[in-house]
Structures are given as structure tokens and as C-alpha cells.
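Worksheet for the structure shown next.
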Amino acid sequence: MNLLNEEQRLAVEQIDGPVMVIAGAGSGKTRVLTYRIAHMMHKGTDPFRILALTFTNKASKEMRERIEHVMGPEARNLWMGTFHSVFAKMLRIEADLLGYPSSFTIYDTDDSKSLIKTILKEMNLDDKVYKPSTILGRISSAKNNLISPVEYAEDSEIRGSDESAQRPFLWEVYSRYAARCFKAGAMDFDDLLFNTNKLLKLYPDILAKYQHKFKYVLVDEYQDTNYSQYVILRRLAAVNRNICVVGDDAQSIYSFRGANIQNILNFQKDYPEGKVFKLEQNYRSTQTIVKAAGSIIKNNKDQLSKEVWTDNVQGDKIKVLRAVSDNEEGRMVANGIFEEKMRNHSHNTDFAILYRTNSQSRALEESLRRINILYRVYGGTSFYQRKEIRDVIAYMRMVVNPNDEAALQRIINYPARGIGDTTINRLITCADKYDKPLWEVVKNAVIYPELKSAVGNLLNFASMIEAFAINNRSMSAYDSAMYITKNSGLLKVLYDDKSIEGIARYENIEELLNGIKEYTEEDTITFLDEAPEEKSLANFLQSISLLTDADKDDPENNDRVTLMTIHASKGLEFENLFVVGLEENLFPSQLSLGSRAELEEERRLFYVAVTRAKKRLTLSYATSRFRFGTMISNEPSRFLKEIDPSLVEMTAPLRDPFEDNSWGGGGFGGGKFGGGYTREPKSEYVKPGSGGGFKGKPPINNPIGKIIPKSAPPPIRPGFVADDTANLQEGMRVEHQRFGMGNVQLIEGRGDGRKAVIQFDEFGEKNIILKFAKLKMHLN
DNA sequence: TACTAAGCTCTTTTT
DNA sequence: GAGCTTAGTA
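In the working numbering, each residue carries its 1-based index in the first sequence increased by 1.
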């Protein structure tokens, strides 16, 4: 498809005035945006007067590359990026107006949560009632609706709802949290938008500056904007009114983050003179897939009318796989990929597996590894979230911004330097009492009598950080990072740890340092009207603070199968797609069954998943699944039944110990390897009321496991002799009352070095983790 | 204060 | 499965 169709062309050429493009899945949305920007540049608009906003770094990177392809290097001067990164940049330029240092730290969710935890402790609030994640959610949604701490405290309706949720002091937590962030010179993700609004509201001259600077404003995925983003856009576009929003209400899947589908539904009210274009022809998928998607989404009530269609070939039917367990599901998917690769000589990159929750990736990974298919997992715990990386970065953050409280708390006693909990609690009390940042108290520990016993250790820490800061001024980012890592004692701690995990952590630090080196050597995108970016440690930290795992590409081998959540897959497409875990309570999620709106969002999520497929789509479900430590049984997802049955082909399961093959009839499912047990274990072996789990202490007279030395072949019998898990050794044979024989094995990928008893099925595949034992592994 | 083992609890999606 | 807490020891 090289030419634009009529509707696309109209959307591209209408560059003046408000424009909304409703773009169905696969209708060439990015193409329209790209050509539109190219068209503006052709007509003589300076690229740095065009602001193009996306939701992910990936999307903005891709668009920039495509425009560069059409327009050449000039495209680098576009103001293009995610909402968060573009406005973070703007805030750094204007920071002092709001009382922030321009080197302000960006707190990620973990930083925010740990700050909330310290505040809760100070306020003596129960963190079972005030769950940090819930609190953060409330604060986040307040900020996204531009409700300041003061407004929150004064709003009787909000206070009322907090009170009825038994959280009457939430307003105060919010207020303290905001004050602490400010004192620490830190903004969280929501602050980046909240403070941009504050800036544009309080300083009309600044607003005017940016209103005139940006002649054109373009927004991708408009259906995902929240109120805060919406107000920023309204303000910036108020003068020129050249705003173009592109989106698809059927793909709105971020309401949990404050996204308001009304923004796209109300566009015509906001801009009555605006033009609306609908892109309804799908260029991506086969007839079958387009029709299936249509048959799903038509069950939703909230939507703009549109009819997505395609000229493409009919294509294969959609396959549905039924597995007995999550492991079997993984096996079936992996085999499916293998066979397809054999048949069509496809590359790994032509395949993707999408799931609802990150935790589902594990079973899939194991199956892929077993048959040597390379894969790459996006999302989950990213490189920058690993403990050792966060530790090093915390040191760097303190060097750049010593007031950064989250960083200080993280490293003040790591590596251990005699500053324990007692001292830290006293520090916090002091800081609160005299209204000083923690760092000020640490640095001047001498003058606070309550810190007397720890003065020496505190001052040592302070002078170390100050020395790092002084060095940092005259060193490159890389040298400075190296210096910090070595002299903080971090490197030594990791170097001395010769366990498998310790070595991996050491290597991760090396990788981080290499990354910094690369950063100092590559040239980064800056805007024409700005000074070129200095390769300082501060700028490195800024450049990674808004990165996610999806933005990190590995040079090793790029022909890999993609594994990601459906949320992360938006905007992507794959020849062969597997969507797994189509089970009630998982997809749709149990937590979304409360209201029609939530269920419809899950359905839109399924719609997004299905429309990622170009040629072949396979859906799968497992009748029982290992979740939070226990096996549970479930039914196929209601969404499966919504697909037009003429488009679907049921595939016989590889092995099915049960006769019941019918849709929805498999509730009791379960195989010989767990879940949905065909017979209840004899009661004397089971901890009363445990439901079959192996958590908690085994009853004294009712042991759960017996360890048998490898040399002596164990008799197989139903009874058990207990032993302490601490005695477990790699390779030991172990008998389990319910699961039978198993071996003790090191679990791959576990950070804490615990070993587990594992059972093997008849294929020699790992099946059930029975029990953990914490033992350190040492290399020979 | 530092460290370890084991118990308890909760479980969606992400810039 | 994993983070966090608690109890106990050094």
C-alpha cells in the first residue's frame, strides 16, 4: 500500500483547524500521522513548531524514524515524544518558576510507594487499611483530575468517600506526600502533567510562549488521554487551534490510569468547527480476523459508530486450543510455533504471544526454552527495576540531587555502615521537626542532640556523597559513575558475593556502566532551538527515568518471539499471534466484573489483542492454572463464545484425560499433575482447612515431606516423614504425599537463591513446585 | 546493629 | 511467587 486512500488523504491534507481522525484497528493511523507531519513540513512549517505527542517511547521513536525516512534528518527537530518526556523537558526549562531545581528527580512508582510507606509510619496509620498502592492510586487520580492537596482536603465529597472507606486521613497523606516530594526536589509521573498545568495556568507569559511556539499539535491514541493531559492540550491549542487528535474509542484500555474515553467522544463539542475523518478500511488482517474482531466489539454499548472492513484475503480460521494446565498451554503454544516455523520457514519475529497478566509469561518461557525457541519478554521487571541497578542509580541520584529522599533512604545504610533503623527513624523525626530535607539533617548531624550516637557514621556518609558530587563536576558521566560504584563499596559487596545470583548482579552493574559509556558516546536528539545536550550524569539519569523495558533493545540476537501483555502490544502487529489464558476471572479479570463499563474495557482489550494479528490467530485457555501458589480450576472466557462460531476451529488437545470436550463444560477440569484433583487426598496428610496448599507450618504429627538420600532408592509409600527444608540439597530425591516423587532443584530466575522441590512428569518436564528452601548456592 | 530463616498475605493492566 | 514482617541468633 503505497498510496493513501481517499479518507486518509483528506485527513493528511486538512492541516489547519481542529481535526479528529477516528482510526479503526489496522487502518493506517501511523501512516496518516506521518504523512500529515511530512505534509506540514513540505508546506514550509519549521519542524520545531510541530508538537507530536504519543503515549509510549516506542511509538514516538517509530514515528520519528518514519518521518525521517520521508523528510530526511530535519525530522529530528520535531518536538516529538511521550506526554511525560516532552513536558518533563519543558518543566526542566521552567523549573525555577515552580520552585524546583532544573535537575529535579523523577520518582517512579516504587519511589512513590516507599515514600508513602514512611509517611504512613510517621502518621501511625495502619498500612493494611491505608494500602500504599491504594493510596498512591487515590493521589494519582486526584492529580490527574487536577485536584491539589488543598482542594482535596477541602472537598467534602472526597473526604466523605475516604471516611466511609475507613481512611479519614488520606487527605493528610496526600498533603504530606506532595510536600515531601517538593522538598526532595522530586516529581512523580503524575506531577509531570500536574505541574505542567500549574505552570501554564500561573504564568500566562509562559503559556503564550508555548502557544505560539507550537503552530501544530498532534496527539496519537487520543482515547487514552486523561483530564490533566486534556487540559494541557486545550491550553496549548487555544490560540492556533491547529490540533489533530487520532484515536480509536474501541481501543481505549487505560481507564485505570485515568484515561477518559469522553475526551474523544466530546471532541466535536470542544471544537465545533473541527473536521472528523473516519478510517474504516483495515489493511492489516485477514477477513476472518477483522470479522471476528467485529463480532466481539459489537457486544459493547459505549462506542462511536463505525464499520471496519477489509479487502484482504479470507485467511485461516481462528484456532482455539484447550489445555489442561498452564504448563500444557505453554507446551501447545510452543509446539504450534515450532510447527508453523517448519511449515512456512517463518522467523521468530513473526510470532507473538500475548497475555493478560505478566505472571503468565513464566510457563510460556519454560516451554519455549525447552524447544530452543528464542524469545524476548517485554515489560515485567525491567532492567532498571532490578535491586542492584536501583541501588547504583540511587547513589547517582543523590549526587545529582542530594535532597532526593527516596534515594537517600535506599542507600544510607547499603552497604551496611552502622546506620540502622533506630538512627533512620530519628533522622526522619528530626527532618520533620525542623522542616528540613533529610540530607540537611544528615549533613549537619552534629547539631542535633538526638543523633549523637550515630554522628560519626552519618558524617562519613555525608562526606562520601559530597566527594562524589565534587568529582562529578569535573568527570564525564561514565567516569563519575565508575568512581561512585567503586568508592561507595557497592562493587565490592557484589564482587564478594560468589553465588550465581551475585555474579549475575555484578554483571548487571557492568552492563549499566557500559550503557552509560554508550550514552556518552552516541549523539542524542535535541531540538534546534535548544543547546545541545551535555553528556552529564544528570542528563543520563533524566534519559533513563522515563524509559521502560520495551525501549531497551538487545543487540545479541533480534530474531525472537515476542512475549508481552496485551496492554503493551497496542500499536504493534504480528503475522502469527497467540493470545493465551482466555479464562473467566483471568481474562476478563475477576476485578473487572463489577460494572458494565469495566467489562466493556476488558472486551476492548480483547479486541486490541485480536486485531494485532495479520494472518493467523490462535487463542488458548487452560482448565486449571497455577496462581498465587495454588492450582485453581476455571472456565473458558465468555469472550471466546462471543466470536462468530463460523470463524473458529476447535483444536483437539494434545492429551486430554477427560471426556468432556464441550465449551464451557470444563469447569472441573484438571489433570494428573495438579489442580482440580480427581480425588481428594487422604485427610490425615492435609493440613486442615488448607485447601491443598503447602503454606505455613506443617502440623507436627502430620509431616509433608520426606527426604531420601540419592544413594538409597526410596520405597514409594503413602506416608511421610517430615524434615527441615533447610536440609534439602540439589539433586535429592524427595517423596511428596500428594505429588509423588520429585527432585530438589535450583529454580532459575529466582533472585533469592531459594531451592525448591520439583516434580517431574512423564516427559521429564518440571511441573509443580512443592516447597521452597532457602539455601545459598556456591560455585565449585 | 546485622543477618537469616521462616511465616503471612496478596495477587491487572503502565507512563 | 514474592515482598514484607517477625523471631531468633551472632
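All C-beta atoms, glycine included, are put in the ideal place defined by N, C-alpha and C.
Check, Outcome
"Take leucine 98 as the anchor and find which of Thr46, Tyr204, Trp172, Leu171 has the nearest alpha-carbon.", "Tyr204"
"Distance, Cα to Cα, methionine 42 vs methionine 64?", "15 Å"
"Secondary structure at valine 580, three-state DSSP: helix, strand or coil?", "strand"
"Does phenylalanine 674 come out as helix, strand or coil in the three-state DSSP assignment?", "Residue placement at phenylalanine 674 is flagged as unreliable, the pLDDT there being 25, under the threshold of 50; the coordinate-derived value follows with that caveat. If DSSP states are grouped into helix, strand and coil, phenylalanine 674 belongs with coil."
"If contacts are defined as beta-carbon pairs under 8 Å, then phenylalanine 575 and alanine 614 qualify, I think. What distance do you get, rounded to the angstrom?", "6 Å"
"On the DSSP bridge list, what partners appear for phenylalanine 627?", "Met632"
"Alpha carbons only, please: which of Met343, Phe579, Lys90, Val174 is nearest the one belonging to methionine 333?", "Phe579"
"Just curious, the alpha helix (DSSP H) that tyrosine 153 is in, first and last residue?", "150 to 155"
"Which runs of the beta strand (DSSP E) fall wholly inside the region 77 to 118 and span at least 3 residues, in chain order?", "80 to 83, 106 to 108"
"Taking the beta strand (DSSP E) that phenylalanine 352 belongs to, which residues open and close that run?", "352 to 356"
"Look at the Cβ atom of isoleucine 372, then the Cβ atom of asparagine 509, and state whether they are nearer than 8 Å.", "no"
"Starting from aspartate 189 and walking both ways along the beta strand (DSSP E), at which residues does that stretch end?", "187 to 189"
"As an exercise, report each continuous beta strand (DSSP E) stretch of at least 3 residues that is fully enclosed by the region 171 to 212, in chain order.", "187 to 189"
"State the CB to CB distance for the pair glutamine 252 and arginine 605, rounded to an integer number of angstroms; the pair is presumed to be in contact (CB under 8 Å).", "6 Å"
"To the nearest angstrom, how far is the alpha carbon of serine 593 from that of arginine 626?", "19 Å"
"CB leucine 266 to CB leucine 305, shorter than 8 Å?", "yes"
"Compute the distance between the beta-carbons of methionine 399 and isoleucine 466, then report whether it is under 8 Å.", "yes"
"Closest by CA to histidine 40, which one among Ser28, Ala24, Leu11?", "Leu11"
"Using only alpha-carbon positions, find the residue among Lys487, Lys444, Gly380 that is nearest to leucine 548.", "Gly380"
"State the Cα-Cα distance for the pair serine 141 and valine 609, rounded to the nearest angstrom.", "26 Å"
"Give the straight-line distance between the Cα atoms of asparagine 6 and valine 309, rounded to the nearest whole angstrom.", "15 Å"
"So is histidine 348 buried or exposed if we call it buried at 16+ other beta carbons inside 10 Å?", "exposed"
"For aspartate 206, is the classification buried or exposed, using 16 other Cβ atoms within 10 angstroms of its Cβ as the cut-off for buried?", "exposed"
"Locate the beta strand (DSSP E) running through methionine 21, then write down its first and last residues.", "20 to 24"
"For the candidate residues Asn559, Leu573, Gly275, Val232, whose alpha-carbon lies nearest to that of glutamate 23?", "Checking the sequence shown, residue 23 turns out to be isoleucine, not glutamate. Measuring from the Cα of isoleucine 23, the nearest candidate turns out to be Gly275."
"By the three-class DSSP mapping on this structure, what secondary structure does proline 133 have?", "helix"
"If I follow the unbroken beta strand (DSSP E) through asparagine 323, where does it start and stop?", "Note on residue identity: the sequence assigns arginine, not asparagine, to residue 323. Counting along the chain, the beta strand (DSSP E) containing arginine 323 begins and ends at 319 to 324."
"Since threonine 652 is in the beta strand (DSSP E), which residue starts that stretch and which ends it?", "649 to 652"
"Can you tell me whether aspartate 327 is buried or exposed? The criterion is at least 16 other CB atoms within 10 Å of its CB, across all chains shown.", "buried"
"Kindly indicate which three-state DSSP category isoleucine 16 falls into: helix, strand or coil?", "coil"
"Can you tell me which residues form a DSSP beta bridge with cysteine 245?", "Val20, Leu219"
"For the pair the region 478 to 494 and the region 535 to 547, tell me if three or more CB-CB distances fall below 8 Å.", "yes"
"Check whether the region 285 to 297 and the region 253 to 265 are in contact - that is, three or more C-beta pairs closer than 8 Å.", "no"
"Tell me, which residues are paired with valine 393 by DSSP?", "According to DSSP, which records beta bridges pairwise, valine 393 is partnered with nothing at all."
"DSSP three-state call for threonine 226: helix, strand or coil?", "coil"
"Work out the CA separation of asparagine 586 and tyrosine 622 for me, nearest whole Å.", "12 Å"
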